[in-house]
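Some notes on the structure that comes next.
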Amino acid sequence: MISFETERLKTETHARRVIDALIHENQQLYESNKALEDSLQTMTADADFWESQRAGRVQEMQELAMAAFERCNALEAENTELKKAVHTFAAGSPTTTVQQLQKIVVNLTEELMRYRKREGDLKEKENIMRQKVNHNIIKAMRQQTEALKVQRRSLHSKNTNINIQNNNTSNQAMKHVTHDMPTIPSFQELFLI
Numbered sequence: 002m003i004s005f006e007t008e009r010l011k012t013e014t015h016a017r018r019v020i021d022a023l024i025h026e027n028q029q030l031y032e033s034n035k036a037l038e039d040s041l042q043t044m045t046a047d048a049d050f051w052e053s054q055r056a057g058r059v060q061e062m063q064e065l066a067m068a069a070f071e072r073c074n075a076l077e078a079e080n081t082e083l084k085k086a087v088h089t090f091a092a093g094s095p096t097t098t099v100q101q102l103q104k105i106v107v108n109l110t111e112e113l114m115r116y117r118k119r120e121g122d123l124k125e126k127e128n129i130m131r132q133k134v135n136h137n138i139i140k141a142m143r144q145q146t147e148a149l150k151v152q153r154r155s156l157h158s159k160n161t162n163i164n165i166q167n168n169n170t171s172n173q174a175m176k177h178v179t180h181d182m183p184t185i186p187s188f189q190e191l192f193l194i
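Residues in the sequence shown are numbered consecutively from 2, following our numbering.
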C-alpha cells in the first residue's frame, strides 16, 4: 500500500508540475496573444494611415496630371493660333496688316468717341449740378437779403422814432440851456465881422 501511496504521490506531484507548466505556458501564450493583438491593432492603424496618405497623394497626382493636361491643351490651341497668324502674315502680309491696323484704328476711334461723349455727359451733369447749387445759394442769399431789409426797415423806423424823441427832448433842453448861456457866433458871422 505504501507503494501505491508513493506512486500516487509521485503521480500527483508530476501532475501538479505538468499543470503548473501548462498554466505557465498558458500564461505565456495569453501574453503573446495579447501582444500580437496589440501589434495587429497598431499595424492596422498604420496601414489605414498609409492607405489614406496614398489615396491623398493619388488624388494630388491626378489633379496635377489634369492641370498639366489642360495646360498642354491650352498651349496647343495657342500654338495653332500662332501658326495661323504666321501663315496669314506670310500669305498676304501687307494687305492683312493694313486691314488689321485699319480695324484697330476704327476700334480706337470708336472708343475715343465714346470717351468724349461720356466726358461731355459728365460735364453737362456737372454744370447742371453747379447751376442747381448756385441757384440754391442765390435763393438763400436773396432770402437773407430780404430778411436783412425787413430788419433794417424796422430798425430804421425805431431809430427815427428815437431820433424824433431825442430831438424834441434836446430842443426843449436847448431852450432851457440857451437862456442861460451866451450864444456862440457862427463861422460866417465871425468872418463877416
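Each residue gets a CB set at the ideal place from its N, CA and C atoms; glycine is no exception.
- Between the alpha carbons of H25 and T45 lies a distance of about 30 Å.
- For the pair A16 and A22, the Cα-to-Cα distance works out to about 10 Å.
- For Q60 and H88, the gap between their C-alpha atoms comes out near 42 Å.
- Spanning the alpha carbons of N160 and L149 requires a straight line of approximately 16 Å.
- Distance from the CA atom of L30 to the CA atom of E38, rounded to whole angstroms, is 12 Å.
- Taking 3 residues as the minimum length, the region 40-98 contains no beta strand (DSSP E) run wholly inside it.
- Beyond the five residues adjoining it in sequence on each side, N108 comes within less than 7 Å, by CB distance, of no other residue in the same chain.
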